[in-house]
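A.B. asks: Have a look at this one.
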Amino acid sequence: MADLHRFANPTRFLRLAGYIQPWAAGIFFISLAAGLYMGLYASPGDYQQGESARIMYVHVPAAWMAMFCYTIMAVASAVSLIWKHPLSDVAARATAPIGAAFTFLALATGSLWGKPMWGTWWVWDARLTSVLVLLFLYIGYMALQGAFDDRTRAAKASAVLALVGFVNVPIIKFSVDWWNTLHQPASVIKMGGSSIDPSMLWPLLIMALAFKAYYVWVLMIRMRTELVDNKVRIMRLRQVHGG
Amino acid sequence: MKRKHKRLTFVIIAMALLGIAVGLVMFAFEENIVFFHSPTDIVTKQPGPDKRLRLGGLVEDGSVKREAGTAVIFFKVTDLENTVDVRYEGLLPDLFREGQGVVTEGRFQGGVFNATEVLAKHDENYMPPEVADAIKKSGQWKEPAGDGQSKPEGESSGY
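In C-alpha cells, the structure reads:
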C-alpha cells in the first residue's frame, strides 16, 4: 500500500496523468484504425450471419467495457469508503459516464443486430435485462453524485450504491449460463477455448484494446479536470475568506 | 488503523450477505427468469391452453412445412429428448433454419404449440463460410439437430 500511496497524492497523480494521457490517446487511435480496418474489410463475414456479424466488433468490446468500468467504479468506491482516499472518489465519479456510454453503445448495437438476426429489437431475457439494469445503475450513480452539495456526503452515498450494484456484474456475465436466454453464450472467454475463428478474434481483440485505451485516455482527462477544478475552488474560497 | 479495519470488515461482510441474499432470490425466481421452456418441460408439465409461454429448442431437420398459398408454417422444436409441433403464421427471422436454435412464443393448445412470434437463437460459434465448408467436408461438423450425432459443446445447458 505504501508504494501506491505515492501515486495517490493528487499533485503527483496530475503529473503522472499528464504523461499517460497522450500515450493512451495514441494507442486508441492506432488500434481503432487497425481494428476497424481488420473488422470491416480484412475479415470474412460469418457463415450464418453474413455481414451482420461485424456489429460484434463494436458490440462485444463495448459490453466488456460496460462491465469493466463498473468493476473499476466499485473497487474505487470501496477504497473511497474504507480508506477515505479522495482520489478514489474522483476516479469512480470520472468512470461513471464513460461506463454508461459503453453500456448504451452495447445495448444499441445489440438491438440493431437483434432485429435482423433474432427477429426482434428487444426481449426481456436475463442478459438483456441485467445490462439494462447496469445502465440504470450508472445513471442512478451519477444522479446521486450530483444530488448533494457536500462532496464527502455525495462520495459516501454513491459509493454505497456502486458497491450494492456490483452484484449485477457477475449476474450479467453468467446470465447466459445460469438461465436459458435468447442471447447466445460467451464465445471468447469460456471453458475449453474460444469458439470464434482466429480471423475474427484478432480484430475483436484489437478493438477491445482500442476501447480500453479510450477509457484510460478519457479517464485521465476527466480526473485532471476534476482535480484542477477542485484546486480552483479551494483558491477561490481562500481568496474570499483570507482576502 | 483500527477504524479502517472495521470499515473493511463491514464492507466485506455486507457484500457477502448481499451476494447470498441476491443469490437466494435468483434461485427462488428461477422459473420467472428463464426466457423459454424446453420441449421436455412442455411435454411433462402440459401447460393449460390459455397460458402464454415461450418454447425454445432446435428446429428439427426436415420438419419445416409450409401450407401452400398461405403464410402458415409448421415445424417441430426438439431438445433431442422430446419434440413439440409448432404452428406459426407470419414472417421468420433470417437465422431461422432447420437445425438452428429457435424461441417461439405462444400457447400450447391441443398438442400443438400455436406460436404468435418466432425468434431465431444464434449460437456462440463464429466462423467464415470457407471454414464452415472445410469442417463439413472433413466430416468433423457437429450438427446440432437430432440425427444421432453429438451436440456441440456449450449448447447442452441452453436446451
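As given, the protein sequences belong to chains A and B, one line each in that order.
This note's numbering applies: residue 65 is where the first sequence begins, and numbers increase by one.
This note's numbering applies: residue -4 is where the second sequence begins, and numbers increase by one.
Glycine is no exception: its CB is placed at the ideal position from the N, C-alpha and C atoms.
#1: Let me know the secondary structure DSSP gives Gly96 (chain B) once reduced to three states.
#2: Determine, for Met299 (chain A), whether the minimum Cβ-Cβ distance to residues of chain B falls below 8 angstroms.
#3: If contact means a Cβ-Cβ distance below 8 angstroms, which residues of the stretch 219 to 235 of chain A contact chain B?
#4: Can you find a CB in chain B that lies within less than 8 angstroms of the CB of Leu110 (chain A)?
#5: To the nearest angstrom, how far is it from the Cα of Ile203 (chain A) to the Cα of Glu119 (chain B)?
#6: For chain A, find out if any of its Cβ atoms is closer than 8 angstroms to the Cβ of Glu25 (chain B); answer yes or no.
#7: Chain B beta carbons: is any one of them nearer than 8 angstroms to that of Pro180 (chain A)?
#8: State yes or no: is the beta carbon of Lys(-1) (chain B) nearer than 8 angstroms to at least one beta carbon in chain A?
#9: Is there a Cβ of chain A sitting closer than 8 angstroms to that of Tyr83 (chain B), yes or no?
#10: Measure the alpha-carbon distance for Val187 (chain A) versus Thr245 (chain A) and round it to whole angstroms.
#11: Assign Pro44 (chain B) to buried or exposed, taking buried as 16 or more other Cβ atoms, counted over all protein chains shown, within 10 Å of its Cβ.
#12: Where does Val113 (chain B) fall in DSSP's three states?
#13: Relative to the C-alpha of Trp177 (chain A), which residue among B:Ala110, B:Thr35 and B:Leu114 is closest?
#14: Considering Arg49 (chain B), what are the terminal residues of the beta strand (DSSP E) in which it resides?
#15: Checking contacts by CB at 8 angstroms: is Ala117 (chain A) closer than that to chain B?
#16: For Thr245 (chain A), name the three-state secondary structure that DSSP assigns.
#17: Should Asn155 (chain B) be labelled buried (16 or more other beta-carbon atoms within 10 Å of its own) or exposed?
#18: Could you give the residue range of the alpha helix (DSSP H) that holds Glu76 (chain B)?
#19: Examine chain B for any beta-carbon lying closer than 8 angstroms to the beta-carbon of Ile260 (chain A), and answer yes or no.
#20: Taking the C-alpha atoms as reference points, what is the distance between Ala9 (chain B) and His0 (chain B)?
#21: Return the Cβ separation of Arg167 (chain B) and Arg(-2) (chain B) in integer angstroms, given the expectation that the two are a contact with Cβ distance under 8 angstroms.
#22: Under 8 angstroms, Cβ to Cβ, is there at least one residue of chain B near Pro249 (chain A)?
#23: Expressed to the nearest angstrom, what Euclidean distance is found between the alpha-carbon atoms of Ala262 (chain A) and Val54 (chain B)?
#24: Using a Cβ cut-off of 7 angstroms, pull out every chain A residue sitting near Phe31 (chain B), in sequence order please.
#25: Can you give me the C-alpha to C-alpha distance between Gly143 (chain B) and Asn77 (chain B), rounded to a whole angstrom?
#26: Pro88 (chain B) and Tyr111 (chain A): beta carbons closer than 8 angstroms?
#27: Taking the alpha carbon of Lys179 (chain A) as the point to measure from, which residue in A:Leu301, A:Ala274, A:Asp293 and A:Gln113 has its own alpha carbon closest?
#28: How many angstroms separate the CA atom of Phe230 (chain A) from the CA atom of Arg61 (chain B)?
#29: Sorted by chain position, which residues of the same chain lie with C-beta nearer than 8 angstroms to Ala66 (chain B)'s C-beta, five sequence neighbours on each side aside?
#30: Applying the criterion that 16 or more other CB atoms from any shown protein chain within 10 Å of the CB defines a buried residue, is Ile298 (chain A) buried or exposed?
#31: From Met102 (chain A) to Ile270 (chain A), what does the alpha carbon distance come to, in whole angstroms?
#32: Would you check if the distance between the CB atom of Ala211 (chain A) and the CB atom of Ser141 (chain A) is smaller than 8 angstroms?
#33: Count the C-beta pairs between the stretch 2 to 22 of chain B and the stretch 30 to 39 of chain B that are closer than 8 angstroms, then say yes if the count reaches three, no if not.
C.D. replies: In terms of the structure at hand:
#1: strand
#2: no
#3: Leu227, Val228, Phe230, Val231 and Ile235
#4: Checking the sequence shown, residue 110 (chain A) turns out to be Asp, not Leu. So yes, Asp110 (chain A) belongs to the interface.
#5: Within the model, the alpha-carbon separation for Ile203 (chain A) versus Glu119 (chain B) is close to 31 angstroms.
#6: With 8 angstroms as the cut-off, Glu25 (chain B) counts as an interface residue toward chain A.
#7: Yes, its Cβ sits closer than 8 angstroms to a Cβ of chain B.
#8: yes
#9: no
#10: Between Val187 (chain A) and Thr245 (chain A), the C-alpha separation is close to 9 angstroms.
#11: exposed
#12: strand
#13: B:Leu114
#14: Arg47 to Val54
#15: yes
#16: coil
#17: This structure leaves residue 155 (chain B) out entirely; chain B is present only between -4 and 154.
#18: Careful: Glu76 (chain B) lies outside any alpha helix (DSSP H) and carries neither H nor E.
#19: Yes - at least one Cβ of chain B is within 8 angstroms of the one on Ile260 (chain A).
#20: A straight line joining the alpha-carbon of Ala9 (chain B) with that of His0 (chain B) spans about 14 angstroms.
#21: The structure shown does not extend to residue 167 (chain B), since chain B is modelled only from -4 to 154, so the question has no answer here.
#22: Chain B contact via Cβ: present.
#23: The sequence shown places Pro at residue 262 (chain A), rather than the Ala named in the question. When rounded, the distance between both Cα atoms is 29 angstroms.
#24: Close partners of Phe31 (chain B) in chain A (Cβ separation under 7 angstroms): Asn244.
#25: Its pLDDT being 35, under 50, Gly143 (chain B) is placed unreliably by the model, and nothing is read from it.
#26: In this structure, Tyr111 (chain A) does not lie closer than 8 angstroms to Pro88 (chain B) by Cβ.
#27: A:Gln113
#28: 48 angstroms
#29: Glu84, Gly85 and Leu86
#30: Exposure of Ile298 (chain A) is indicated by the presence of fewer than 16 other C-beta atoms within 10 angstroms of its C-beta.
#31: 9 angstroms
#32: It is not a contact, given that the beta carbons lie outside the stated cut-off.
#33: no
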